[in-house]
Amino acid sequence: MKAAQEFYDELVGAVHPPKGCKIVLRETEPNPSHDFNWPETAGGTPTDTIADVIAELRRQHRRLDWDGVTERDGKWRCITR
């Protein structure tokens with residue numbers, strides 16, 4: 437399982453967001469309909485722009501290790517830069 441901090445760097449490298457675009461990676465709870473612990477969107481980047489990138493990253497990394505992430509969005513841990 438990849439660390440969320442390490443995965444965030446991989447996500448940003450794969451998405452190539454425009455300068456000034458905030459990327460948010462947020463934890464979520466897996467449930468019976470899916471086994472992921474991060475949502476399929478990436479913050480302020482339009483989903484249609486990165487849909488293929490997200491789909492490939494989700495195939496590779498279903499769950500992330502959120503240990504060590506202290507920033508929060510409500511009850512969920514998140515990484516925002």
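Those letters in the sequence shown? Residues 437 to 517, by this note's numbering. Just so it is clear, CB atoms sit at the ideal spot from N, CA and C, and this is done for glycine as well. Here the structure is a predicted model, which means the values were calculated and not measured.
According to DSSP, residue 508 shares a beta bridge with 513.
For residue 500, DSSP records a beta bridge to 438. Its Cα nearest to that of residue 506, the residue 516 stands out among 499, 516, 498. Judged by beta-carbon spacing, residue 493 lies beyond the 8 Å limit of residue 440, meaning their Cβ atoms are not closer than that value. For residue 509, the CB contacts under 7 Å within the same chain, skipping 5 residues up- and downstream, are 462 in chain order.
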